[in-house]
């Protein structure tokens, strides 16, 4: 492994192509942690945005007008504003309004750190789109299928959980995957509030090493591979969910 | 006053139902005794399907009374689950759950709704699929079955809830002529086992053969009714005569 790393050191000396995150253990750690943070932030946001989508779509079908209005208001707010502005809003507006807590060394620190705010903000952002995606799927489930479940005595919640959602899920998978891929790419915005994700760490490295060109190429490829793996996984999932003789 | 098996299992009295301005049922009354097989026939739009959909509260009614084993369906406080445990329904378009296998379709309601043991429910489901002559199709998805096979799964699914009465809503109307027979045979078997059946159908030959009583509806009212032998051969009302002459 050391030989592999050294080769890049030599490459830098001989050609000036500088990839310090491969030969320098300090920068290597930075990039590795950046990768982990990006993946972790993506997973947290994927999870919560899907939960928000499922619950939101359920609430949108509520018989209470006020509930439907609130869900619609939420969707409008998060769909019609830029995600970077939302992130700043959460971090700088709401974050500073919250009480501060005492930290381990006696100082004051914010209740929630930048990672938590990025997770919250991006989950709400992608969640708003997911609500609409799930709603379209739910509307595609034939009323007669739901009626059959009603006639068998299923409760509303059971119908949603066992019939509507599994069927809607299959309908919306392509749209959902699209949105989730976008979400992973949008995690780079967390850079703006100093979440140490991949873009942020890469920025640290190019500031120290002045190797902007190399880092830009690396970033592009890194996200290409990262999202490629996600898309591959999603496609496999889509295929495995396919029902024989349906759709 | 509690219900006894000597009382009608389903008692429909002066039922009125409209969709907006459209009056669909205009004072319909009929009684179904335990073990009876009744057929409701009539032209399209005469309210047949609406009538039976009211019996298990898929449609509500504006006026009148529907008693199922003494339980009033036209009651805001109706326990729909209790009602639907007693009343099964089979639909024209089968309406199976497309993401579940035939076996799962049949098992699902007993396990989820009646909270029955899975192993026991599966055994019952296999028996029911055998009863509707679908051994070997347990693991097939609805999309892999023919219309007639799907409809028989739907009948088994309804039977799995062990209802006291089953509503059949034009269950052969979407089938091609060859597969109609297999579904009708299944219903005939049920009738012979003593299941109370309310059928909406266009299969006059079948109605004549299995029904204990025929009701002819037109424009939201029952125009004429009687045992099949009398109904088909000695209809008196001109509307019934006209309908029968077109169809027979």
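Protein chains in written order, with the numbering used here: chain A, 1 to 247; chain B, 1001 to 1248. Using N, Cα and C, we set each Cβ at its ideal position, and we do this for glycine too. Values in this document were obtained by computation on a predicted structure and should not be read as measured data.
| task | Just mark residue 1036 (chain B) as buried or exposed, buried being the case when its beta carbon has 16 or more other beta carbons within 10 Å. | result | buried
| For the segment 45–61 of chain A against the segment 95–115 of chain A, are there 3 or more C-beta pairs whose distance is under 8 angstroms? | no
| Whole runs of the alpha helix (DSSP H) within the segment 1077–1101 of chain B, excluding any shorter than 4 residues | 1080–1086
| request: Please list the residues of the segment 1133–1151 of chain B that have a C-beta atom closer than 9 angstroms to any C-beta atom in chain A, keeping them in chain order. | output: 1140, 1141, 1142, 1143, 1144 and 1145
| Euclidean distance between Cα positions of residue 96 (chain A) and residue 1109 (chain B) | 52 angstroms
| Of the residues that make up the segment 129–159 of chain A, which ones have a beta carbon closer than 8 angstroms to any beta carbon in chain B? | 142, 144, 145, 147, 148, 149, 150, 151, 152, 153, 154, 155 and 158
| With a CB to CB cut of under 8 angstroms and the five nearest residues on each side skipped, what residues in its chain are close to residue 146 (chain A)? | 159, 163 and 164
| field | Opposing strand residues paired with residue 233 (chain A) [DSSP bridges] | value | The partner list for residue 233 (chain A) (beta bridge, DSSP) is empty, contrary to what the question assumes.
| task | Return the first residue and the last residue of the beta strand (DSSP E) that residue 124 (chain A) is part of. | result | Taken as a continuous stretch (DSSP letters only), residue 124 (chain A) belongs to no beta strand (DSSP E), being part of the alpha helix (DSSP H) at 114–140.
| query | Under a CB-based cut-off of 8 angstroms, is residue 1059 (chain B) close to chain A? | reply | no
| Whole-angstrom C-beta distance between residue 1146 (chain B) and residue 1186 (chain B), which should lie under 8 angstroms | Incorrect: roughly 14 angstroms between the Cβ atoms, too far for contact.
| request: Could you tell me which residues DSSP pairs with residue 9 (chain A) in its beta bridges? | output: The partner list for residue 9 (chain A) (beta bridge, DSSP) is empty, contrary to what the question assumes.
| field | Partners in chain B for residue 244 (chain A), counting only beta-carbon separations shorter than 9 angstroms | value | 1140, 1141, 1143 and 1144
| task | Locate the alpha helix (DSSP H) running through residue 1149 (chain B), then write down its first and last residues. | result | 1147–1159
| Along chain A, which residues have their Cβ under 8 angstroms away from the Cβ of residue 1056 (chain B)? | 151
| task | Determine the chain A residues that contact residue 1024 (chain B) at a beta-carbon separation under 7 angstroms, and present them in chain order. | result | Ordered by position in chain A, no residue passes the 7 angstroms Cβ test against residue 1024 (chain B), which lies about 17 angstroms from the chain.
| field | Where residue 1109 (chain B) meets chain A, residues with beta-carbon distance less than 9 angstroms | value | 149, 152, 153 and 154
| C-alpha distance - residue 179 (chain A) paired with residue 1056 (chain B), whole-angstrom precision | 41 angstroms
| At a Cβ threshold of 8 angstroms, is residue 1177 (chain B) touching chain D? | Absent here is chain D; the protein component of the structure consists of chains A and B.
| task | Please report the residue range of the alpha helix (DSSP H) in which residue 150 (chain A) lies. | result | 143–151
| For the 8 angstroms Cβ check, are there 3 or more pairs between the segment 136–156 of chain A and the segment 1093–1113 of chain B? | yes
| message | Closer than 7 angstroms between beta carbons: that is the criterion. Which residues of the segment 1109–1127 of chain B meet it against chain A? | response | 1109, 1112 and 1113
| request: Could you give the DSSP three-state label for residue 207 (chain A): helix, strand or coil? | output: helix
| request: Sort out for me which residues DSSP pairs residue 1226 (chain B) with in a bridge. | output: B:1214
| query | Does the Cβ of residue 1115 (chain B) have 16 or more other Cβ atoms within 10 Å, making it buried, or fewer, making it exposed? | reply | exposed
| message | Cutting at 6 angstroms between CB atoms, please list the residues of its own chain near residue 42 (chain A), excluding the five before and the five after it. | response | 184 and 187
| Where does residue 1110 (chain B) fall in DSSP's three states? | helix
| field | Touch test, the segment 63–81 of chain A against the segment 117–128 of chain A, Cβ-Cβ under 8 angstroms, three pairs minimum | value | yes
| In chain order, what residues of the segment 166–198 of chain A put their CB closer than 8 angstroms to some CB of chain B? | 166, 167 and 170
| message | I believe residue 1201 (chain B) touches residue 1224 (chain B) by the beta-carbon criterion, under 8 angstroms. Please report the beta-carbon distance rounded to the nearest angstrom. | response | The Cβ separation is near 16 angstroms, so there is no contact.
| task | Please decide whether residue 217 (chain A) counts as near chain B, where near means a Cβ-Cβ distance under 8 angstroms. | result | no
| query | Under 8 angstroms, do residue 1171 (chain B) and residue 1090 (chain B) count as touching if we go by C-beta distance? | reply | yes
| Segments assigned beta strand (DSSP E), at least 3 residues, entirely inside the segment 1023–1088 of chain B | 1037–1041 and 1063–1068
| Rounded C-alpha distance that separates residue 1195 (chain B) from residue 1034 (chain B) | 8 angstroms
| said: Once DSSP output is grouped into helix, strand and coil, what is the label at residue 1164 (chain B)? | reply: coil
| request: Starting from the C-beta of residue 1199 (chain B), find all residues in its chain whose C-beta is less than 6 angstroms away, skip the five residues before and the five after it, and write them out in chain order. | output: 1039 and 1168
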